[in-house]
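In what follows, a structure is listed as structure tokens, so that the remarks can point back to it.
Numbering (this note's numbering), first residue to last: 22 to 363.
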């Protein structure tokens with residue numbers, strides 16, 4: 022199994038012990054038995070780590086990928102061997118590892134939420150403390166404090182920032198019942214800080230790109246494969262859409278967020294004018310209105326459409342078409358879009 026993935030046996034043991042990505046069965050003599058599903062999930066893990074995704078995020082995406090979306094092959098037996106040094110970072114997984122992700126780390130609900138994740142270079146306990154600090158600042162209406170906590174550094178990762186810090190804080194605050202005075206809304210404190218952080222990061226990133234000799238954001242060469250990102254029509258503050266756009270910018274892709282009234286008719290008009298390479302519905306709502314998805318798919322059946330919804334009962338309302346994909350996790354959504362636009 023280690024040879025097939027291009028990693029060391031010690032790495033496989035670590036993934037099993039730390040993330041629960043291991044063999045489903047074990048036999049006498051320290052013999053590990055990997056089922057086809059085990060192998061496919063490990064291939065997703067390997068591919069994402071090669072592409073620079075943090076191991077904790079890659080593991081969550083691998084675990085949340087739906088079985089029918091995995092590239093399942095034959096069962097593999099792996100005899101335990103002595104531990105060896107860490108694998109060469111340049112090792113590549115086999116081509117068959119490129120299964121589609123259906124799973125947005127921080128995007129799932131439950132025990133594998135924000136407390137179990139870590140921002141790059143930070144311990145899980147540190148991240149949990151940062152989430153708590155953000156919540157406290159928002160509930161105290163401390164705008165300056167929230168701004169400082171959510172600032173994204175020049176080398177920051179908007180995807181990790183969203184899944185491991187902002188989204189967990191946003192969802193927890195939404196569950197709070199607060200008695201406030203006029204003008205006090207904790208969600209708006211957090212939303213203001215988050216949008217400011219994304220705007221500052223994107224502007225600094227774009228300036229660095231231009232300084233390095235790349236064309237500006239509105240150059241025709243960068244607009245050929247633009248991604249249109251919609252929020253749910255009834256979503257007051259579309260933070261997930263803005264975070265996804267920033268994450269795409271950080272990967273060199275071009276994205277635009279549709280704000281303001283966007284009826285199904287207006288959505289079709291926008292797609293007609295822009296001719297995007299892909300359309301995305303990114304939202305934190307449990308049951309978003311999918312009218313835009315149906316309208317655009319009816320008018321542009323070949324356009325790739327990605328819909329980030331966690332709940333299965335919401336996904337049943339999606340059009341049944343190969344070009345319309347439901348994605349459960351933010352990281353999975355990001356990778357699916359990047360696979361289309363390059």
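Think of the CB as a built atom: it goes at the ideal place given N, C-alpha and C, for glycine as much as any other residue. Given the structure is predicted, the values throughout are model-derived calculations rather than measurements.
(message) Taking contact to mean 3 or more Cβ pairs, one atom from each stretch, closer than 8 Å, check whether the stretch 73-80 and the stretch 52-59 are in contact.
(response) no
(message) In whole angstroms, give me the CA-to-CA distance for residue 71 and residue 31.
(response) 17 Å
(request) Out of 201, 69, 247 and 160, point me to the one whose CA is closest to residue 211's CA. (result) 160
(request) Below 8 Å CB to CB, which residues in the same chain sit around residue 288 once its five sequence neighbours on both sides are set aside? (result) 251, 279, 313, 316 and 317
(message) On the CB-based measure, 16 or more other CB atoms within 10 Å of its CB, does residue 185 come out buried or exposed?
(response) buried
(message) By the three-class DSSP mapping on this structure, what secondary structure does residue 278 have?
(response) strand
(request) Determine the closest residue to residue 264 out of 320, 208 and 181, with distance taken between C-alpha atoms. (result) 181
(message) Just to confirm the assignment: which complete beta strand (DSSP E) runs, minimum length 3, are found wholly within the stretch 33-72?
(response) 46-48 and 52-55
(request) Go ahead and pull the three-state DSSP assignment for residue 329. (result) strand
(message) For the structure I just gave you, are there three or more beta carbon pairs, one from the stretch 225-240 and one from the stretch 318-325, closer than 8 Å?
(response) no
(request) Pair every Cβ in the stretch 300-309 with every Cβ in the stretch 339-346, then say whether three or more of these pairs are closer than 8 Å. (result) no
(request) Compute the Euclidean distance between the alpha carbons of residue 348 and residue 229, then round it to the nearest angstrom. (result) 31 Å
(message) To the nearest angstrom, how far is the alpha carbon of residue 40 from that of residue 360?
(response) 25 Å
(message) With H, G and I counted as helix, E and B as strand and the rest as coil, what does DSSP make of residue 342?
(response) coil
(request) Using a Cβ cut-off of 9 Å (strictly closer), state whether residue 151 contacts chain D. (result) This model lacks chain D altogether, as it is built from one protein chain only.
(request) Taking residue 303 as part of the beta strand (DSSP E), name the residues at either end of that continuous run. (result) 299-303
(request) Whole angstroms is fine: what's the gap from residue 310's alpha carbon to residue 330's? (result) 11 Å
(message) Can you tell me whether residue 85 is buried or exposed? The criterion is at least 16 other CB atoms within 10 Å of its CB, across all chains shown.
(response) buried
(request) Let me know if residue 207 comes out buried or exposed under the rule of 16 or more other beta-carbons within 10 Å of its beta-carbon. (result) buried
(request) Below 7 Å CB to CB, which residues in the same chain sit around residue 204 once its five sequence neighbours on both sides are set aside? (result) none
(request) Indicate the three-state DSSP secondary structure (helix, strand or coil) for residue 28 in the structure shown. (result) coil
(message) Using only the alpha-carbon positions, how far apart do residue 214 and residue 170 sit?
(response) 9 Å
(request) Have a look at the DSSP bridge pairing and note the partners of residue 347. (result) 328
(message) Using only the alpha-carbon positions, how far apart do residue 59 and residue 353 sit?
(response) 19 Å
(message) At the level of alpha carbons, what is the spacing between residue 248 and residue 277?
(response) 6 Å
(message) Can you give me the C-alpha to C-alpha distance between residue 36 and residue 68, rounded to a whole angstrom?
(response) 14 Å
(message) Please state the DSSP three-state secondary structure of residue 173.
(response) coil
(message) If contacts are defined as beta-carbon pairs under 8 Å, then residue 178 and residue 271 qualify, I think. What distance do you get, rounded to the angstrom?
(response) 7 Å
(message) Comparing C-alpha positions only, which one of 261, 231, 165 and 291 sits nearest to residue 273?
(response) 231
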